[in-house]
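Visitor: Sending over a structure as C-alpha cells; questions will come in a sec.
Protein chains: 2
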Amino acid sequence: MTRKSARREELAQAATDYVMRQGLIGLSLRPLGAAIGTSDRMLLYHFRDKDDLVSTILRVAIDQGVAEIRALQVSSTVHEAVLGLWRAARTGLLERCQLIYVQAAAEGLLGHEPYLTVVREANGRWLEAVVDHLSRAGCPPDRARQAAFLVIATFMGLHLDLPLTRDDPSLDRAVTDLADSVAAIAGS
Amino acid sequence: MTRKSARREELAQAATDYVMRQGLIGLSLRPLGAAIGTSDRMLLYHFRDKDDLVSTILRVAIDQGVAEIRALQVSSTVHEAVLGLWRAARTGLLERCQLIYVQAAAEGLLGHEPYLTVVREANGRWLEAVVDHLSRAGCPPDRARQAAFLVIATFMGLHLDLPLTRDDPSLDRAVTDLADSVAAIAGS
DNA sequence: CCGATCGTGTAGCGGTTGCTACACATAGGG
DNA sequence: CCCTATGTGTAGCAACCGCTACACGATCGG
Chain A
474 MTRKSARREE LAQAATDYVM RQGLIGLSLR PLGAAIGTSD RMLLYHFRDK DDLVSTILRV
534 AIDQGVAEIR ALQVSSTVHE AVLGLWRAAR TGLLERCQLI YVQAAAEGLL GHEPYLTVVR
594 EANGRWLEAV VDHLSRAGCP PDRARQAAFL VIATFMGLHL DLPLTRDDPS LDRAVTDLAD
654 SVAAIAGS
Chain B
474 MTRKSARREE LAQAATDYVM RQGLIGLSLR PLGAAIGTSD RMLLYHFRDK DDLVSTILRV
534 AIDQGVAEIR ALQVSSTVHE AVLGLWRAAR TGLLERCQLI YVQAAAEGLL GHEPYLTVVR
594 EANGRWLEAV VDHLSRAGCP PDRARQAAFL VIATFMGLHL DLPLTRDDPS LDRAVTDLAD
654 SVAAIAGS
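Chains A and B, in that order, give the protein sequences. Following our numbering, the residues of the first sequence are numbered contiguously, the last one being 661. Following our numbering, the residues of the second sequence are numbered contiguously, the last one being 661.
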C-alpha cells in the first residue's frame, strides 16, 4: 500500500519526529526504521521509495510549523508580530520544523529532486501563513507579501547561524532591526 | 604527506572548484577524484581523511569569497554598499562560495563536525569582511558589526530561496528593504 | 472452508562508501 | 650504488546504501 492508510500516517508522523531530532541530511532507512519500531522493509512497503518518504516527512513538518504559526496570538502591531514570530521560531517544535526546512532547501540548492519541488511548495505555504499573521497585526494587504518575504529570508539566515550564536545578543538585535524594517514597510 | 605540499594545494583548489559546481552535501571521494584527474586513493594520501579534505575545501572557498568582497569597489553610501554586496553575491564565484557556506552551515545545524567548527571560523571571517566594507562606505564602527550581522543573515536566507525565486522581483525588493534598514542602523 | 489480499520478517542483491594493505616506480643523498 | 623517502596504481576490506524476491501468517469475503 503506497497510498493512504492509518499505518502509513503513523509512520510518517514518527519518521517526522525522528528527522526533527536527527536532521534530514544523511537520513537513511535502516536507522530510521529501527528508531521508530519498524524496518526499512516496511517503510518501503508503505512508501513508494525514499523520495516519497522524504517528501511526506517534509510535508508533515511544514503542516505542523504552519499550524503553529496560525495558532499564534494576534499582535497589536506589526513590530510586535515580527518579534512574536521569532519567539515562536525558537521554541521547540517550530524551530525543529524550520531546521528541516533549511536542510531541505540546502539540499535543493542545486536543483536536486525531490527537495526542490517540495521546498517550493513549503515556501509558498510558509509565506502565506506569515502574510496572514502580519495582516492580522495591521499590515496593509498590498505590503504584507513583501514584508513576509523579508521576514522569512532573514529568519532562515538566522537559523543557519543559531548553532554559532546562541545567546549572542547580536541575534536579538538583528531581530529588532528586522522588526523595525518590517514596520517601516507596513507603515510607509 | 598530510601537511603542506604543492600537490596538496593543487588538489585542494581543484576539489573546491568541483564542490562549487556539484555542492558539498553528499560529496564522495571517488567521483571527486575522477573529476579532478586523480583518485580517492591519492586524495586520502594528501589529506588525512575526508573531514580534513572537506575542512580544507571550505577554507579555500571562504578565502576566495572574502577576497572577492575585499576587492569590491568602495561605495559612497551604506545603502549603496549593501546593494553592491548583493550584486557581488549573485555573480559567479561569490555566489558559489556562499552556496558552499550555506550547505556546510546546514550540515552543521545539529552540531556535526567538522562542519560546525569550520563554519564558525568562516562566519567570523565573512563578518569581518562585510564590517570593513560597510565601514569604508561610512558606517560608524560601533554600528558596523550589528549591520553586517543582519546583512549576512539576510543574504544567507535569500540564497536559500534563490532556486525558488530567481528573477522574482521580491528578491530585489527584499534587498532594497535590507539596504534601507542597514542605512537606518548606520545613520541613527 | 478456501482463495485472495494485506502485512511482515528474512535474507540478499548490486552498488557505493571511507579507508587501507601491498607492490612498485622514481628520485635524491650518503 | 644502495637506501630511504615520496608518490602512485591495484585491489580489496567491511560497512552501509536503497531496494526487492520470497515465504509465511493473519484476515476476510465468497
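Just so you know, even glycine gets a beta-carbon here, dropped at the ideal spot from N, CA and C. No experiment lies behind these values; they were computed from the predicted model shown.
Considering only their Cβ atoms, is the gap separating residue 572 of chain A from residue 624 of chain A smaller than 9 Å?
Guide: Cβ atoms of residue 624 of chain A and residue 572 of chain A: not closer than 9 Å.
Visitor: Since residue 654 of chain A meets chain B, which of its residues come closer than 8 Å, beta carbon to beta carbon?
Guide: In chain order: 650, 651, 653, 654, 657.
Visitor: Using a Cβ-Cβ cut-off of less than 8 Å, list which residues of the region 517–547 of chain A approach chain B; keep chain order.
Guide: Hits within the stretch: zero.
Visitor: Taking 7 Å as the limit between beta carbons, can you name the residues of its chain near residue 503 of chain A, skipping five residues before and five after?
Guide: Here the set comprises 513.
Visitor: For residue 654 of chain B, report the span of its alpha helix (DSSP H) as first-last.
Guide: Here the alpha helix (DSSP H) through residue 654 of chain B covers 642–660.
Visitor: Which of helix, strand or coil does DSSP assign to residue 486 of chain A?
Guide: Looking at residue 486 of chain A - three-state DSSP - the assignment turns out to be helix.
Visitor: Starting from the beta carbon of residue 575 of chain A, find every residue of chain B whose beta carbon is closer than 8 Å, and list them in chain order.
Guide: 579, 582, 633, listed in chain order.
Visitor: Name, going along the chain, the residues of the region 604–630 of chain A whose beta-carbon falls closer than 9 Å to a beta-carbon of chain B.
Guide: Within the region 604–630 of chain A, the qualifying residues are 618, 619, 620, 622, 623, 625, 626, 627, 628, 629, 630.
Visitor: With a threshold of 9 Å between beta carbons, is residue 592 of chain A in contact with chain B?
Guide: Chain B contact via Cβ: present.
Visitor: Tell me the DSSP secondary structure of residue 568 of chain A in three-state form.
Guide: In the structure shown, residue 568 of chain A sits in a helix (DSSP, three-state: H, G or I).
Visitor: Does chain A have any CB closer than 9 Å to the CB of residue 504 of chain B?
Guide: Output row for residue 504 of chain B: interface = no.
Visitor: Quick test of the definition: if touching needs 3 or more C-beta pairs under 8 Å, does the region 521–531 of chain A touch the region 614–630 of chain A?
Guide: No, because fewer than three Cβ pairs between the region 521–531 of chain A and the region 614–630 of chain A fall closer than 8 Å, the two stretches do not touch.
Visitor: Counting pairs of Cβ atoms below 8 Å between the region 639–654 of chain A and the region 654–661 of chain B, do you hit three or more?
Guide: Contact between the region 639–654 of chain A and the region 654–661 of chain B is present, because at least three Cβ pairs lie under 8 Å.
Visitor: For residue 546 of chain A, is the classification buried or exposed, using 16 other Cβ atoms within 10 angstroms of its Cβ as the cut-off for buried?
Guide: By the neighbour-count rule (16 or more Cβ atoms within 10 Å), residue 546 of chain A is not buried but exposed.
Visitor: Identify the contact partners of residue 643 of chain A in chain B, using a Cβ-Cβ distance below 8 Å as the criterion.
Guide: Within chain B, the residues near residue 643 of chain A are 618, 619, 622.
Visitor: Which residues in the same chain as residue 638 of chain A place their Cβ atom closer than 6 Å to its Cβ, once the five residues preceding and following it in sequence are excluded?
Guide: These residues qualify, in order along the chain: 644.
Visitor: Grouping DSSP H, G and I as helix and E and B as strand, with all else coil, what is residue 507 of chain A?
Guide: Looking at residue 507 of chain A - three-state DSSP - the assignment turns out to be helix.
Visitor: By DSSP, does residue 561 of chain A sit in helix, in strand, or in coil?
Guide: In the structure shown, residue 561 of chain A sits in a helix (DSSP, three-state: H, G or I).
Visitor: Looking only at its own chain, which residues have a Cβ that is under 6 Å from the Cβ of residue 632 of chain B, when we skip the five neighbours before and after it?
Guide: Correct list, in chain order: 571, 575.
Visitor: Flag this pair as yes or no: are the beta carbons of residue 592 of chain A and residue 577 of chain A separated by less than 9 Å?
Guide: Yes, the pair counts as a contact, with Cβ atoms nearer than the cut-off.
Visitor: Please confirm if residue 552 of chain B has its CB atom under 9 Å from at least one CB of chain A.
Guide: Taking Cβ atoms only, chain A never reaches closer than 9 Å to residue 552 of chain B, which makes this a no.
Visitor: Can you tell which of A:580, A:523, A:532, A:608 has its C-alpha closest to the C-alpha of residue 555 of chain A?
Guide: Measuring from the Cα of residue 555 of chain A, the nearest candidate turns out to be A:608.
Visitor: Buried or exposed: which applies to residue 482 of chain B, given that a residue is buried once 16 or more other Cβ atoms fall within 10 Å of its Cβ?
Guide: Result: exposed.
Visitor: Is the beta carbon of residue 519 of chain B closer than 9 Å to that of residue 484 of chain B?
Guide: Closer than 9 Å, so yes.
Visitor: Can you tell me whether residue 580 of chain B is buried or exposed, with buried defined as 16 or more other CB within 10 angstroms of its CB?
Guide: Residue 580 of chain B comes out buried.
Visitor: Just the Cα atoms here: how many angstroms apart are residue 522 of chain A and residue 544 of chain B?
Guide: So the alpha carbons of these two residues sit roughly 48 Å apart.
Visitor: For residue 634 of chain A, is the classification buried or exposed, using 16 other Cβ atoms within 10 angstroms of its Cβ as the cut-off for buried?
Guide: So residue 634 of chain A ends up on the buried side.
Visitor: Could you tell me which chain A residues have their CB closer than 8 Å to the CB of residue 565 of chain B, listed as they occur along the chain?
Guide: Simply none; closest approach about 15 Å.
Visitor: Report the three-state DSSP secondary structure of residue 636 of chain B (helix, strand or coil).
Guide: Reduced to three states, the DSSP call for residue 636 of chain B is helix.
Visitor: Quick one: what does DSSP say residue 585 of chain A is sitting in, helix, strand or coil?
Guide: Looking at residue 585 of chain A - three-state DSSP - the assignment turns out to be coil, as it is neither helix nor strand.
Visitor: Can you tell me whether residue 630 of chain B is buried or exposed? The criterion is at least 16 other CB atoms within 10 Å of its CB, across all chains shown.
Guide: So residue 630 of chain B counts as buried.
Visitor: If you run the structure through DSSP and keep just helix, strand and coil, what is residue 529 of chain B?
Guide: Looking at residue 529 of chain B - three-state DSSP - the assignment turns out to be helix.
Visitor: Assuming residue 539 of chain B and residue 598 of chain B are in contact, meaning their beta carbons sit under 8 Å apart, how far apart are those beta carbons, in whole angstroms?
Guide: That pair is a contact at about 5 Å.
Visitor: Assuming residue 509 of chain A contacts residue 479 of chain A (C-beta within less than 8 Å), just tell me the rounded distance between them.
Guide: Their Cβ separation, rounded to whole angstroms, is 15 Å, which puts residue 509 of chain A and residue 479 of chain A out of contact at 8 Å.
Visitor: Residue 589 of chain A to residue 560 of chain A, Cα distance in whole Å?
Guide: Taking the straight line joining both Cα atoms gives about 28 Å.
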